[in-house]
Amino acid sequence: MLRYTVKRLLQLAVALLGLSLLLFAWFKALPGGPENRLLPENATDQQREALRAALGLDEPVWVQYGEFLGRIVRLDFGSSLSSGRPIATELADRLPATIELSLAAMVIAVGIGIPLGYLAARRRGTWIDFGSVSGSLVGVCIPVFFLAAMLKVVFAQELGWLPTAFRLSAGASYTEVTGLRVLDGIITGEFDIAADAFLHLVLPAMALSSIPLAVIVRITRASVLDVVGEDYVRTADAKGLKPGTIRGRHVMRNAMLPIVTVIGLLLGSLFSGAVLTESVFAFGGIGSFVYQATTERDYPALMGFILIIAVSYVVLNLIVDLSYGFLDPRVRVRK
Amino acid sequence: MALLEVEDLRVAFGAATAVDGVSFAVDEGKVVGLVGESGCGKSVTSLAIMGLLPKGKGRKARAAKSRNGKVPAQAEATGPEGTGPEGAAGDGAVPPGHGGAVAATPQGIAVGRRSNRGGADVSGRAAFDGVDLLTLPPAAMRRRRGADLAMVFQDPLSSLNPVVPVGRQITEVLERHRGLKGDKAVKEAANLLDRVGIPDPLRRLKEYPHQLSGGMRQRVLIAIAVACAPRLLIADEPTTALDVTIQAQILELLKDLVDSEGTALLMITHDLGVVAGICDEVNVLYSGRVVESAPVRDLFARPTHPYTVGLLGSIPRLDLGTHEPLTPIRGSIADVIRWKDGCAFAPRCDRVAPACVEGEPALVGAPHAHRCVMAEEIA
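Line by line, the protein sequences give chains A and B.
This note's numbering applies: residue 1 is where the first sequence begins, and numbers increase by one.
This note's numbering applies: residue 336 is where the second sequence begins, and numbers increase by one.
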């Protein structure tokens, strides 16, 4: 297992290096460099040259890449061209909100999706099956921003059951620990804060969970159908084991392999996909930041964002691979 | 009374009849063979006895009809698939008391289970120590499976869970039926592995199926099957997936277990060599029915049914020249032919006579029984 982990970590380093090269090349290739954004249109060529020199853009490409690499290793993405604040600080301020939202959405998707997918498979051909399969089709088809807006109108504005926006009620005093506010509230014992943050989280998380929920229902159903036809499930049955044991130890443990892969990838997509949901609920995550950075051609900010997303994908993939080793002994012992 | 008495067992998948009225008995301490080619219904027979066939939900209309005694809820009474309520309920998903329609028939109590997608209609009787296994509720059957009667499957790799250590796959059955937990269960599992001839059992217990050889996997499956000292062991082609040298070892092991414990063994095989080596009695199956049934020596000495004759004739012989062609049985098994219209083997039989297709041939004679109207002429 150690050997497997080390191997995966080395692969991770290579993947990240390739990623940085790709990012760097991409930003170099983009038309209209940052000097055009920072200087007025009537700036002289000397002014442009001076700024390029100041930004280090006149150095040879490989020197620029070296510096770029050095900076990102130190998590120094430069300063935002719009706010002037360091990108790392901007992202660090906003990231916890997005992480909290994504995790909450995933908890909903996994918590409902796996049992529902299992039921659909075991009651194949019944209304549970048809309902969950067609429901998941609808879930995939509805645009997230539309679902978010609908949920907000119905449950927040019309029924008034849940707050319409933000992460906490106005005036709530809050002690930050991890930035995940529900968790923070529980850690610091401010349970009213935790409850308040939780209520604010419900609608955005529901909206964001629709697609992963649908995908997880379908993959679970397919995977369980695959596994229940296997000979070893029949063997388990021939042993006279209780249905719960057969379900847990023999069906689900095998069926989890493809599900775990999909969960890892979905979590990565949630991270970047939270942008729309966040804007509907003014959730204050990296979504609004990225939106602004894109419209204002704030390259360092975009670079930082893309890097964060890419790294999170790579890391999530690593976690998926490692959990594979944990779930499937055939992967573990492979030399 | 024999330990296992199968009477008029019928299994149908929708309109297709797989087992068409099979009867045989297995005495304690005896090895009984079920022999036949692929598709003759031998595996389905064993799965039906174990209660491992996918069942459909009982259908109310059918149940009501059956109670009136109009429809004997048997295989032939089954309409085409897909007319019943949808839903494949696996084992354990069927609520007790919902498992099928119980009907009084001339044969006694028969149970009809409404099939749906892939579900099986099972009827007849499979009495184990006097208790009909086919009418037991699922929970009661689960308590017996793995304890009173156990099964060894054909493909040892796919029959073991790839992500659970073999030790756990043995201890779970000890835990379930013998109440052994923790160290006690592990110790007993090691004993079992030792008994089936696996060296270094404590190390092997921690390994996964893919780390074991084919022969060892089959030994593990046998260890699981004998873990709770079952009175009946069903082995479905236990040597088919193995090398010839390993086959002999596994047969030897099964024979030893039967001899030492007095276990009854039902041996499902297509291999007459296996039959000759291990069985006391043989039932030859063709197209879902027993066509010949005899003590093993009798069968090999005086095969009576043309199908049995053909099977024995198609075995390669060492005393014939190497260029001597094998003698096959022409044609292949057909599932559309019904026994009630005549002998199902008639289209492939070299000695077919008009009498063969003039109605259902009966199984006659004891202890050497055959189902052939031409038997006297052949003999």
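Ideal Cβ placement from N, Cα and C applies to all residues, glycine included.
So residue i contacts chain B; which residues on that side make the cut at Cβ distance below 7 Å?
| i | result |
| --- | --- |
| G240(A) | R477, R478, R479, R480, G481, A482, R511 and H512 |
| T245(A) | E507 |
| R234(A) | L387 |
| R221(A) | Simply none; closest approach about 13 Å. |
| H250(A) | N496 |
In chain A, which residues lie with their C-beta within 8 Å of the C-beta of residue i?
| i | result |
| --- | --- |
| M385(B) | A238 |
| I603(B) | Those do not exist, as I603(B) stays about 14 Å from chain A at its closest Cβ, beyond 8 Å. |
| S649(B) | Correct list: empty, because the minimum Cβ distance to chain A is about 29 Å. |
| C493(B) | Checking the sequence, you will find Ser at residue 493(B) rather than Cys. Neighbours of S493(B) on chain A, chain order: E230, D231 and Y232. |
| I557(B) | Per Cβ cutoff of 8 Å: no residues; I557(B) is ~12 Å from chain A at best. |
Can you find the residues in the same chain that come closer than 6 Å, C-beta to C-beta, to residue i, ignoring five residues on each side of it along the sequence?
| i | result |
| --- | --- |
| A462(B) | E340 |
| L81(A) | D298 |
| F755(B) | Since the first residue of chain B shown is 336 and the last is 714, residue 755(B) is not available in this structure. |
| R330(A) | none |
| A255(A) | S223, V224 and V227 |
| A293(A) | A301 and L302 |
| D58(A) | R52 |
| E296(A) | S82 |
Please list, in chain order, all residues of the same chain as residue i whose beta carbon is under 8 Å from its beta carbon, the five residues on each side excluded.
| i | result |
| --- | --- |
| L495(B) | V501, Q504, P544, R552, V555 and L556 |
| V692(B) | D676, G677, C678 and A681 |
| L168(A) | Y174, R181, I193, D196, A197 and H200 |
| I72(A) | S20 and L307 |
| E49(A) | D58 |
Can you tell me the Cβ-Cβ gap for residue i and residue j, rounded? I've got them flagged as a contact below 8 Å.
| i | j | result |
| --- | --- | --- |
| A205(A) | I108(A) | 6 Å |
| D231(A) | F348(B) | Actually they are not in contact, since the Cβ atoms of D231(A) and F348(B) sit about 19 Å apart, beyond 8 Å. |
| A558(B) | D490(B) | Going by Cβ atoms, the distance from A558(B) to D490(B) rounds to 17 Å, so no, they are not a contact pair. |
| V366(B) | D615(B) | 5 Å |
| L338(B) | A599(B) | 5 Å |
| V609(B) | L327(A) | With 8 Å as the limit, V609(B) and L327(A) do not qualify as a contact, their Cβ atoms being about 38 Å apart. |
| L528(B) | A562(B) | The pair is not a contact, with the Cβ atoms about 10 Å apart (cut-off 8 Å). |
| P96(A) | G179(A) | 3 Å |
| L515(B) | D237(A) | Not quite, the Cβ-Cβ distance comes to about 21 Å (not below 8 Å), so this is no contact. |
| I211(A) | I259(A) | Contact flag wrong, Cβ pair sits at about 15 Å. |
| I569(B) | G550(B) | Actually they are not in contact, since the Cβ atoms of I569(B) and G550(B) sit about 20 Å apart, beyond 8 Å. |
| L601(B) | V361(B) | 5 Å |
| P696(B) | R686(B) | Going by Cβ atoms, the distance from P696(B) to R686(B) rounds to 13 Å, so no, they are not a contact pair. |
Please list, in chain order, the chain B residues whose beta carbon lies closer than 8 Å to that of residue i.
| i | result |
| --- | --- |
| D328(A) | P497 and V498 |
| N254(A) | N496, P497 and V498 |
Taking C-beta pairs closer than 9 Å, name the residues in chain A that residue i reaches, listed in chain order.
| i | result |
| --- | --- |
| D490(B) | D231 |
| A485(B) | A238, K239 and G240 |
| I581(B) | Going along chain A, no residue has its Cβ under 9 Å from I581(B), so there is no contact; the nearest lies around 19 Å. |
With which residues is residue i paired in a DSSP beta bridge?
| i | result |
| --- | --- |
| V354(B) | V346(B) |
| S79(A) | P86(A) |
| L369(B) | I603(B) and N618(B) |
| E542(B) | None; E542(B) has no bridge partner. |
| A704(B) | S628(B) |
| F359(B) | V341(B) |
| V699(B) | H705(B) |
Can you name the residues of chain A whose CB is closer than 7 Å to the CB of residue i?
| i | result |
| --- | --- |
| H545(B) | R330 |
| I533(B) | Under the 7 Å cutoff, chain A gives no residues; its nearest Cβ is about 18 Å from I533(B). |
Please determine whether the Cβ atom of residue i lies at a distance below 7 Å from any heavy atom of the ligand ADP.
| i | result |
| --- | --- |
| A214(A) | For the structure depicted, the ligand ADP is absent and the ligand set is empty, with no information on it obtainable. |
Report the neighbours of residue i on chain B: residues whose CB is nearer than 9 Å to its CB, in chain order.
| i | result |
| --- | --- |
| R3(A) | Simply none; closest approach about 16 Å. |
Once the 5 residues before and after residue i are set aside, which same chain residues still bring their CB inside 7 Å of it?
| i | result |
| --- | --- |
| L2(A) | none |
| P415(B) | Reliability of the predicted coordinates at P415(B) is poor, the pLDDT of 38 falling under 50, and the value obtained from them is presented with this limitation in mind. Hits under 7 Å: G349 and A350. |
| E320(B) | Residue 320(B) lies beyond the range of chain B shown here (336 to 714); nothing can be said about it. |
| L23(A) | M303, I306 and L307 |
| S378(B) | D571 and I603 |
(request) Scan the region 560 to 647 of chain B and note each continuous beta strand (DSSP E) run of 3 residues or more that stays entirely inside, going in chain order. (result) 567 to 571, 599 to 604, 616 to 621 and 624 to 630
(message) For a minimum of 4 consecutive residues, which ranges assigned as the alpha helix (DSSP H) are wholly contained in the region 451 to 505 of chain B?
(response) 473 to 479
(message) So within the region 137 to 169 of chain A, which uninterrupted beta strand (DSSP E) runs reach at least 3 residues, ignoring any that extend past its ends?
(response) none
(message) I'd like the ranges of any alpha helix (DSSP H) spanning at least 4 consecutive residues and lying wholly in the region 196 to 264 of chain A.
(response) 231 to 238
(request) Output the residue ranges of the alpha helix (DSSP H) runs that lie fully inside the region 291 to 333 of chain A and measure 4 residues or longer, sorted by chain position. (result) 299 to 327 and 329 to 332
(request) Quick one: which unbroken alpha helix (DSSP H) runs of 4-plus residues sit fully inside the region 649 to 690 of chain B? Chain order, please. (result) none
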